[in-house]
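**Q** Residue numbers (the working numbering): 68 to 390.
Each residue gets a CB set at the ideal place from its N, CA and C atoms; glycine is no exception.
Below is a structure I'd like to ask you about.
Put into structure tokens, the structure is as follows:
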């Protein structure tokens, strides 16, 4: 990558089925004809990043759409959609979902192996991702997992590591639902336990950045008006706040390093957050893997990215995108 030009990087956060929002963002971003230099992600974000880095540029949208199966908008009203969303989430919790995961039969083991088996996801990723291309670093890809013993974030970067499917699934090890993976003697779980939006290595580059952080949990939202809304805010706030607060501190540290090194950064940083409507299943929305939900999230991401493209850049500050 050329350090003399502005680098374009996209960071995708975790959030299971909410990841269809990533696809819509990337579709709109593709329309801007910007070179994508670096992608990074945790959990569902690691999957999205791998689908981009491991696909020819002409096939990226098709493979993202295939994985997140976002075909078209729902014709249901918000009232019926909300009920359907809850039924879909409960069904997924009980029986899994074809193409993503299935309930795991309890068997004796030396370690906890998770409530669900990610074999369907493993097989689909094998079919959709060219790992030779992914490891060519065009674009560069960084995947984050969490060491379950130390709590440390563990980064896998195509610039220095060979990334395989086990690294992606380690990043998806959201215990107790999904099993951790043992890699190089360490038990690794979901990247969201440490860095749900792993932008940290990107902000260490000396080049100026055009950075898009795509977060699946919004920090801001309405005051809850009932139990369901309260439970949803409780689940969204820790991740949304983690991303926003860390990003602010990381940008301050980056500017301090630039001053010490006499660098003049011209960073443009956009934070896009998925803001669910009342049709979603509250705190269980990430387990609604229905095509209607995926299509709605994809469209939300597309519209948010279009709105971001219309916003004037603010030099070296976070531009929080909200329609």
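Please report the distance separating the alpha-carbon of residue 301 from that of residue 149.
**A** Approximately 19 Å between the Cα atoms of the pair.
**Q** Quick one: complete alpha helix (DSSP H) runs, 4+ long, within the segment 196 to 276?
**A** Correct list: 198 to 201, 232 to 238.
**Q** Applying the criterion that 16 or more other CB atoms from any shown protein chain within 10 Å of the CB defines a buried residue, is residue 328 buried or exposed?
**A** Counting Cβ neighbours within 10 Å, residue 328 comes out exposed, since fewer than 16 surround it.
**Q** DSSP state of residue 183, grouped into three classes?
**A** Residue 183: strand per DSSP, three-state reduction.
**Q** Given residue 181, which residues of its chain have a CB within under 7 Å of its CB, disregarding the five upstream and five downstream residues?
**A** Only 171, 242, 243, 244, 245, 246 meet the Cβ criterion.
**Q** Please report the residue range of the beta strand (DSSP E) in which residue 340 lies.
**A** Element bounds for residue 340: 335 to 340.
**Q** Please report the distance separating the alpha-carbon of residue 233 from that of residue 221.
**A** Going from the Cα of residue 233 to the Cα of residue 221 covers about 13 Å.
**Q** How do the segment 77 to 96 and the segment 105 to 119 stand: do at least 3 beta-carbon pairs fall below 8 Å, yes or no?
**A** Cβ pair count under 8 Å is three or more, so yes.
**Q** Relative to the C-alpha of residue 120, which residue among 99, 93, 136 is closest?
**A** For residue 120, the nearest C-alpha among the options comes from 93.
**Q** Measuring straight from C-alpha to C-alpha, what distance separates residue 347 and residue 357?
**A** In a straight line, the C-alpha of residue 347 is about 11 Å away from that of residue 357.
**Q** Span of the alpha helix (DSSP H) holding residue 377?
**A** From DSSP, the alpha helix (DSSP H) with residue 377 extends over 358 to 377.
**Q** What residue range is occupied by the uninterrupted alpha helix (DSSP H) comprising residue 118?
**A** From DSSP, the alpha helix (DSSP H) with residue 118 extends over 111 to 120.
**Q** Measuring only the C-alpha atoms, how far is residue 76 from residue 216?
**A** When rounded, the distance between both Cα atoms is 30 Å.
**Q** Report yes or no: do three or more beta-carbon pairs, one from the segment 96 to 105 and one from the segment 284 to 301, lie closer than 8 Å?
**A** Counting Cβ pairs under 8 Å, fewer than three are found: no touch.
**Q** Please confirm if the segment 309 to 327 is in contact with the segment 117 to 134, defined as three or more CB-CB distances below 8 Å between the two stretches.
**A** In short, these stretches do not touch, since the Cβ pair count stays below three.
**Q** Classify residue 281 as helix, strand or coil using the three-state DSSP reduction.
**A** Strand.
**Q** Taking all protein chains shown into account, do 16 or more other C-beta atoms lie within 10 angstroms of the C-beta of residue 206, making it buried, or fewer, making it exposed?
**A** Residue 206 should be labelled buried.
**Q** Just grab the DSSP bridge partners of residue 164 for me.
**A** Answer is 168, bridged to residue 164.
**Q** If you reduce the DSSP assignment to three classes, tell me which class residue 107 lands in.
**A** If DSSP states are grouped into helix, strand and coil, residue 107 belongs with the strands.
**Q** Could you name the residues of the same chain whose beta carbon sits closer than 8 Å to that of residue 369, not counting the 5 residues immediately before and after it, in chain order?
**A** Closer than 8 Å at Cβ, skipping near neighbours: 91, 92, 94, 95.
**Q** For residue 100, does the three-state DSSP call read helix, strand or coil?
**A** In this structure, residue 100 counts as coil in the three-state DSSP scheme.
**Q** Using beta-carbon positions only, say whether residue 105 and residue 210 come within less than 9 Å of one another.
**A** Not closer than 9 Å, so no.
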